[in-house]
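Residue numbers (the numbering used here): -4 to 1070.
In structure tokens:
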């Protein structure tokens, strides 16, 4: 319901002394102490010299509520958001010239809980109603201060009672279900006294599209809202009013109503935002005591926000004419300024003194007063008429008044608008953009851009069109609703939001002084793969990010770019290593200098490193040998260590540990180094899919390897978080000698916490050094090389030390799965939850899909989703294989069968969310022999995937890929690849079993034997086939009959385990204990 507050900004915040001062007071011999940093979240920053709301999360589905919460005489702004939280903007301007400044992105309130001794305690926590928060402030108990109500995504109405006063509010959660009222999803509450009894009534919009009114049956100090009467339900005997339906926007959803006196007759009309981005208008044809609403428009003012409009009328400049604000499905808040046409014209006449006017008087009264100041009637018309674009021949003030105010053509009652009967004959989708008739003078001023997000803004302050383009109708012929309100579109970005990675998702930040001016500049990675570069042209206390363009950072084949800056070749300037969705690393070398970078893409598969998917690199000297080592996070949530066994000018990265610091996140690990405590060793902060941060400190023994001595300090470090996919980076943003925190997230934002110093807490005992059990052994030092010989930074083909697998049988009844005889497994993530699901072929030709419901290794729980995945029907002995056949870094699906044919489904989705589309073309003419089992790998080193097909005869057929204008196909090269004969039933499988970044080939057979082959270039042996037999991996294993192997990291320890299908049907699980 609510989450712990992460750093609420409040007046009078006590800033602690800088961390450096606090640390300097400590005795060098003192043990390490636990540190709490004072992180202050910042929101505003300069980009290209202009201050904007730069560091923020999403404001999608914004619901606005204006109220004077602090009693200073001006209204502040509360905004409910899709994430279920409330943002608070304080008005630092005046009542008539407001300036709203974001103070809290996550507004907090109090609630009472019982402690361990059953004593009540008062806790302050961030307000979080789950989703789609809709705030409304009203003095519900008539005690002189404002209480807070919040509608929520599940239809609950939260009530926060103000137990402070109008100057010092203290909001306490009283109930999450106000008066036990429960509504359909996405509740939007609005209060107003609509029947003149001085008690606030409640208007609600709901996710079902209904707008309902609950009149207050209570008294001024004690409200009473009654639920629908149902048979058998008792209700309060004081109930005199029950809910009534006012309107419905069905079949559209998510009605978002609000009040406005549009026709200025002293009662409340209603506007209703809709899911398609448009607005309905309900005119009150009753009065302020007996309201009666009728729908006047389904396209009010032809507004279109693009989706989920949420209107709020509020008189921003206190001129008596309310402006319109609209939340939308994006973070943009649309703003329409209300420029009352009469006042605009009168203010343009220098001879007039309006100080004596009562601006709310009827328009004809104001015209008469103006005329009296201008030498009376009819002479005054010579001045008044041109001020409103009318000829001086206008006969009277009444005629001029009729020209100034014209009916709104977006209303059904306006004669020029299309009648409902005609609309029924000529239906038009409510999702389509509309343009008012050319001759109509609509309330959205002429000459202004339409309120449609797709329309381009030509001028924000264009004047109204003159009369030349239209004929003025006679005053007596004017019909329809007239109003003095006239809305002019002003901006679709009222909150002044901007981003470092515009219109992107999945931001990752790195920094370094790449222009030699002594200030930290930024690179920002993104989901599209583009890298955004910003120079820091800051002052002494703030940064000014100025965009720079570099060709190497433009989108290429990379996706989800994760850059890190470091000098990899020791030439004194900064290079870039970029992680990406494929799990590989890209090297972008700086071929310029330290002041004028010239980045060039040099290697798209840096040191042949591949961590599976979503690589996130970080570079630092972890072992104290004066060169940079490499940490790489991956999509499985692991952090992997590659030690630099070369030098600072010629790095040689060797795999050392596949579970560095024993870290394991909930997915998408993003490592960053930060000196958390006062020792000499960098500590580790890891972002993850859930948005929280893990903190690991390091206390190594002397001369210990880089992977030792790590200790988990916190799984939820200081409750710092993004909404999801947190990517932390530490840098001094404001030039105060303190390391601040920047964090990217899934939605494409960048968040900023200023480091205001540290607070020492109680001393803790020194943690025992922790030796990581799966640390790989050190390798021999590389021979010294001649420093005078210029070599590229990527210098060695061999990138990782082999670690032979050590398979141990865990169970021969894996998961209790019964899938029929002759099971053939393959493992891949089919539902986007970052774990392996299971596809199984069998003798009768089914293709079973089993969902991984959680667990690791032998404890995984499996749920059968279907026995005919993709509606597979292709005969007996189905044999599925997941592999990247088309080279787009996501798994495709191939299925062999008894008749020798191979079915192919191309993945048009992603690794996490595959979308398989059948594509028979590449396999036309391909036959592998009876009981065909395919495997995919590059057999001729041309960069394209080729094909091996095992068959019943015990042989492997080799097919080479041929590329053409219309795609690719396969050509048979050998019917007996490797001259191999395993007896009966050859089953090939490809996997990197020994972590040397080279594929191994494993061939199973009906008799249960597994034979493995390694590439000849990884050994001292030679072979005309390019492969050498290696039986070391499986020689100690006793395998069941069948022998259909599949490999995947099922226990999350960073190496490949083995699953073996069998002739009898059950699966055998072998854990890899090598790491």
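C-beta: ideal position from N, C-alpha, C; glycine also.
Can you name, in chain order, every residue of its own chain whose Cβ lies under 6 Å from the Cβ of residue 310, other than the five neighbours on each side?
-> 317
So what's residue 308 in DSSP terms, helix, strand or just coil?
-> strand
Around the C-beta of residue 913, are 16 or more other C-beta atoms found within 10 angstroms, so that it is buried, or is it exposed?
-> exposed
Limits of the unbroken beta strand (DSSP E) element including residue 689 = 688 to 693
Of the residues 260, 55 and 935, the one placed nearest residue 326, counting alpha carbons only = Comparing Cα positions, the closest option is 55.
CA-CA distance, residue 811 and residue 943?
-> Those two C-alpha atoms are separated by around 31 Å.
Span separating the alpha-carbon of residue 509 from that of residue 594 | 11 Å
Boundaries (first-last residue) of the alpha helix (DSSP H) holding residue 396 = Looking at the DSSP string, the run of the alpha helix (DSSP H) that includes residue 396 is 392 to 399.
Residue ranges of each beta strand (DSSP E) run of no fewer than 3 residues wholly in the region 294 to 372, ordered along the chain?
-> Runs of the beta strand (DSSP E) inside the region 294 to 372: 305 to 309, 318 to 322 and 329 to 333.
For chain B, find out if any of its Cβ atoms is closer than 7 Å to the Cβ of residue 488; answer yes or no.
-> Although the question refers to chain B, the structure presented lacks it and comprises just one protein chain.
Quick one: what's got a C-beta closer than 7 Å to residue 1060's C-beta in the same chain, skipping five residues either side?
-> Leaving aside the five residues that flank residue 1060 on each side, the residues in its chain whose CB is nearer than 7 Å to its CB run, in chain order, 813, 814, 815, 816 and 818.
Cutoff 6 Å; reference residue 869; Cβ partners in own chain excluding five residues on either side | 892 and 898
Alpha carbon to alpha carbon, what distance is there between residue 517 and residue 726?
-> 10 Å
Excluding the five sequence neighbours on either side, which residues of its own chain have a C-beta within less than 6 Å of the C-beta of residue 880, listed in chain order?
-> 887, 931 and 940
Could you give the DSSP three-state label for residue 854: helix, strand or coil?
-> Residue state for residue 854 is assigned as helix, using DSSP reduced to three classes.
Given residue 263 as reference, the closest of 243, 246, 198 and 1068 once Cα atoms are compared = 198
Exposed or buried, residue 269, counting other C-beta atoms within 10 Å across all chains shown (16 or more means buried)?
-> buried
Buried or exposed: residue 848, going by 16 or more other Cβ atoms within 10 Å of its Cβ?
-> exposed
Since residue 51 sits in a beta bridge, which residues does DSSP pair it with?
-> DSSP lists no beta-bridge partner residue for residue 51.
Please report how far the alpha carbon of residue 924 lies from the alpha carbon of residue 598, in whole angstroms.
-> 40 Å
Counting only the same chain and skipping the five closest in sequence on each side, list residues whose C-beta sits under 6 Å from that of residue 88.
-> Hits under 6 Å: 94.
Could you name the residues that DSSP lists as bridge partners for residue 43?
-> Answer is none; residue 43 lacks a bridge partner.
How about residue 852 and residue 1045: are their beta carbons less than 7 Å apart?
-> yes
Nearest CA to the CA of residue 65: which residue from 526, 337, 127 and 83?
-> 83
Report the option in 701, 631 and 640 whose CA atom is closest to the CA atom of residue 656.
-> Ranking the options by Cα distance to residue 656, first place goes to 701.
Going by DSSP, which residues form a beta bridge with residue 615?
-> 624
Going by the CB atoms, is the gap between residue 574 and residue 612 shorter than 7 Å?
-> Against a cut-off of 7 Å, the Cβ pair of residue 574 and residue 612 comes out as a contact.
Close-in-space but distant-in-sequence residues of the same chain around residue 1069 (CB under 7 Å, 5 per side omitted) | 798, 799, 800, 801 and 1050
If we ignore side chains and look at the alpha-carbon of each, how far apart do residue 99 and residue 395 end up?
-> 49 Å
Secondary structure of residue 767, DSSP reduced to three states | Because residue 767 sits at a pLDDT of 31, beneath the cut-off of 50, its placement in the model cannot be relied upon, and the following sentence gives the value as read from the coordinates. Residue 767: coil per DSSP, three-state reduction.
Please confirm if the region 659 to 667 is in contact with the region 629 to 641, defined as three or more CB-CB distances below 8 Å between the two stretches.
-> yes
When burial is assigned at 16 or more other CB atoms within 10 Å of the CB, is residue 51 buried or exposed?
-> Buried, by the Cβ-count rule.
Would you tell me roughly how many angstroms separate the C-alpha atoms of residue 809 and residue 863, rounded to the nearest one?
-> 21 Å
Quick check: the region 900 to 910 against the region 871 to 885, are there 3 or more CB pairs under 8 Å?
-> yes
Skipping 5 residues on each side, what residues in its chain have a beta carbon closer than 6 Å to that of residue 383?
-> 340 and 399
Residue 141: buried (16+ other C-beta within 10 angstroms of its C-beta) or exposed?
-> buried
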